[in-house]
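Colleague: Once you've had a glance at the structure underneath, I'll fire off some questions.
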Amino acid sequence: MIDIDSLIARIEQLLAIGTPESLTYAALESRLAIEKVCYERLQFAHDFISHDDIKQYQPRHVVRTLMSEVDELIGSSFTLSMGREPSKADPSKVLTQEDFKDVDWIELGTQSALDPQRLSSLWNALSKAALHAHVPEHSSDPIPDYGDPSTIRKKVTETLQELRRISTRSLLTSGLGPTVSFLCPCGRTNKRRRDVLTAGKVLHCVGHDCKESFSVSMEGEDVIFTRRVIDSKCECGKPIAFAVHYAEDLRRNQYIGHRCEKCGREIRFAWRFGKLARMDGHKGWRQALESVAAALKSAARSVRGRFFGGPRTLTKR
């Protein structure tokens with residue numbers, strides 16, 4: 000785990016110096032510390048979420064994404080304990096706290112809560128107070144070398160209070176609860192928390208160098224992960240599948256190549272820009288747009304219903 004105490008000590012030393020330069024540096028270190036404690040939670044959760052599923056990297060958005068896409072407990076405060084002996088309660092029955100009142104518990108650790116809104120407020124306030132030059136509002140408005148020292152000190156002190164609270168943690172988790180898994184064509188086993196999965200959700204492989212993606216569907220208690228592909232066919236008749244996420248990242252004049260296992264031909268997938276003929280009137284343009292939409296839908300019609308190696312399901316455990 001990150002040594003938050005050392006971050007706090009460094010910031011306190013800069014505050015003690017008290018010069019405009021050291022206060023500005025203290026604000027920068029405080030902002031970096033906020034990012035580190037949030038990104039640490041992401042690091043612990045990366046077995047359950049792909050880097051491609053993180054759309055924004057501001058601390059608030061990272062924590063909220065982890066809470067919604069991995070486990071809401073990631074941002075919560077709780078203490079995890081384990082009994083010294085196996086419980087004598089009947090697991091086939093509904094268990095209550097009374098069933099565990101006589102258990103001798105061993106405390107494993109405590110996780111500190113992260114308040115995304117509070118951390119975001121401090122993160123932005125530090126930047127505004129110290130890390131941007133003043134924008135003049137009129138011709139005689141001066142541009143000082145540094146921000147207001149009292150304002151900077153106040154925001155850094157508030158950040159230190161929050162960091163001290165977070166530093167009391169002795170445990171970090173990627174969440175709790177039932178897990179499901181599936182195998183990516185790259186060979187990696189991907190795991191997800193069952194409770195955060197919904198039909199239609201798109202997931203990406205956890206491999207940082209893999210662009211495979213999957214759509215989620217439900218069949219009763221089973222979860223099915225479907226590889227997202229664009230179907231094509233070699234001249235010899237063998238079906239070819241191109242991963243949607245690779246295709247989405249293609250730029251003009253780029254292509255994906257695939258060697259047909261049956262005849263050896265190279266099949267290429269590339270986007271081509273077309274020109275629509277001018278159509279006068281609302282009806283004409285509407286027809287043109289509907290035509291483009293139909294073409295796109297046809298190109299991606301295989302996104303649903305295509306499985307890599309058949310349906311991948313996993314029961315709760």
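Those letters in the sequence shown? Residues 0 to 316, by numbering that gives the first Met the number 0.
Beta carbons are placed, not taken as given, at the ideal position from N, Cα and C, and that holds for glycine.
None of these values were measured; they are calculated from a predicted model.
Pull up the distance between the alpha-carbon of E71 and that of F43, whole angstroms please.
Modeller: In the sequence shown, the residue the question calls residue 71 occupies position 72. In the sequence shown, the residue the question calls residue 43 occupies position 44. About 14 Å.
Colleague: Can you tell me where the beta strand (DSSP E) holding Q110 begins and where it ends?
Modeller: As a position in the sequence shown, residue 110 is number 111, starting the count at 1. Looking at the DSSP string, the run of the beta strand (DSSP E) that includes Q110 is 104 to 110.
Colleague: Could you give the C-beta distance for I10 and E39, rounded to a whole number, given that I count them as a contact under 8 Å?
Modeller: One-based indexing of the sequence shown puts residue 10 at position 11. One-based indexing of the sequence shown puts residue 39 at position 40. No, I10 and E39 are not in contact; Cβ-Cβ is about 17 Å, not under 8 Å.
Colleague: In its own chain, which residues sit with a C-beta less than 7 Å from the C-beta of D51, not counting the 5 before and 5 after it?
Modeller: As a position in the sequence shown, residue 51 is number 52, starting the count at 1. Contacts found: H203.
Colleague: Using a Cβ-Cβ distance under 7 Å, would M81 count as near chain D?
Modeller: Reference to chain D is not applicable here, since this structure consists of a single protein chain.
Colleague: Would you kindly report the start and end of the unbroken alpha helix (DSSP H) that includes T158?
Modeller: Residue mapping note: residue 158 aligns to position 159 of the sequence shown, counting from 1. Per DSSP, T158 belongs to the alpha helix (DSSP H) from 148 to 165.
Colleague: Would you kindly work out how many angstroms separate the C-alpha atoms of K100 and I16, rounded to a whole number?
Modeller: Along the sequence shown, read from residue 1 onward, the residue named residue 100 stands at position 101. Along the sequence shown, read from residue 1 onward, the residue named residue 16 stands at position 17. For K100 and I16, the distance between alpha carbons rounds to 53 Å.
Colleague: Closer than 8 Å by C-beta to E84: which residues in its own chain qualify, once you throw out the five before and the five after it? Chain order, please.
Modeller: Within the sequence shown, residue 84 is the residue found at index 85, counting from 1. These residues qualify, in order along the chain: V102, D103.
Colleague: Take the Cβ of P115 as the centre, count every other Cβ of all protein chains shown within 10 Å, and call the residue buried at 16 or more, exposed below.
Modeller: In the sequence shown, the residue the question calls residue 115 occupies position 116. So P115 ends up on the buried side.
Colleague: Measuring CA to CA, which of S166, P58, I73, I105 is closest to R117?
Modeller: Position 118 of the sequence shown holds residue 117. Ranked by Cα distance from R117, the options S166, P58, I73, I105 are led by P58.
Colleague: Report yes if the CB atom of Y24 is closer than 7 Å to the CB atom of L31, and no otherwise.
Modeller: Here the question's residue 24 lines up with position 25 in the sequence shown. Here the question's residue 31 lines up with position 32 in the sequence shown. No, the pair does not count as a contact, with Cβ atoms beyond the cut-off.
Colleague: Let me make sure I understand the geometry here. Which of Q253, E97, A198 has the alpha-carbon closest to that of F272?
Modeller: Here the question's residue 272 lines up with position 273 in the sequence shown. Closest in alpha carbon position to F272, among Q253, E97, A198, is Q253.
Colleague: Which residue's Cα is closest to the Cα of L22: D89, N123, T150?
Modeller: Here the question's residue 22 lines up with position 23 in the sequence shown. Selected option, being the one with the closest Cα: T150.
Colleague: List the whole-angstrom C-beta distance separating D46 from K200, where the pair is believed to meet the contact cut-off of C-beta under 8 Å.
Modeller: As a first step, residue 46 must be located in the sequence shown, where it is residue number 47. As a first step, residue 200 must be located in the sequence shown, where it is residue number 201. Between K200 and D46 the Cβ distance is about 18 Å, and since that is not below 8 Å, they are no contact.
Colleague: Secondary structure at F268, three-state DSSP: helix, strand or coil?
Modeller: Numbered from its first residue, the sequence shown carries residue 268 at position 269. Residue state, collapsed to three classes: strand.
Colleague: Taking all protein chains shown into account, decide if S139 is buried (16 or more other Cβ within 10 angstroms of its Cβ) or exposed.
Modeller: Counted from its first residue, the sequence shown places residue 139 at position 140. Exposed, because fewer than 16 other Cβ atoms sit within 10 Å of the Cβ of S139.
Colleague: Beta-carbon separation of A26 and S76 under 7 Å?
Modeller: Mapped onto the sequence shown, residue 26 falls at position 27. Mapped onto the sequence shown, residue 76 falls at position 77. No; because the gap between Cβ atoms is not below 7 Å, this pair is not in contact.
Colleague: For L182, which option in E220, T167, T225 has the closest C-alpha, if you only look at C-alpha atoms?
Modeller: The residue you call residue 182 lines up with position 183 of the sequence shown. Closest option to L182, Cα to Cα, is T225.
Colleague: Look at the Cβ atom of K154, then the Cβ atom of A132, and state whether they are nearer than 7 Å.
Modeller: Start at 1 with the first residue of the sequence shown, and residue 154 comes out as number 155. Start at 1 with the first residue of the sequence shown, and residue 132 comes out as number 133. For K154 and A132, no; Cβs fall outside 7 Å.
Colleague: Could you check how far apart the C-beta atoms of R163 and I7 are, in whole angstroms? I think they sit under 8 Å.
Modeller: On the sequence shown, position 164 is the one that residue 163 refers to. On the sequence shown, position 8 is the one that residue 7 refers to. Yes, R163 and I7 are in contact; Cβ-Cβ is about 6 Å, under 8 Å.
Colleague: Return the CA-CA distance between C235 and L196, expressed in angstroms with no decimal places.
Modeller: Stepping through the sequence shown from its first residue, residue 235 is reached at position 236. Stepping through the sequence shown from its first residue, residue 196 is reached at position 197. So the alpha carbons of these two residues sit roughly 39 Å apart.
Colleague: Does the beta-carbon of W270 have 16 or more other beta-carbons within 10 angstroms, so that it is buried, or is it exposed?
Modeller: In the sequence shown, the residue the question calls residue 270 occupies position 271. With fewer than 16 Cβ atoms within 10 Å of its Cβ, W270 is classed as exposed.
Colleague: By the 10 Å Cβ neighbour count, where 16 or more other Cβ atoms means buried, how is Q110 classified, buried or exposed?
Modeller: In the sequence shown, the residue the question calls residue 110 occupies position 111. When all chains shown are included, Q110 counts as buried.
Colleague: Please state the DSSP three-state secondary structure of E28.
Modeller: If you number the sequence shown from 1, residue 28 lands on position 29. In the three-state reduction of the DSSP assignment, E28 falls in the helix class, which pools H, G and I.
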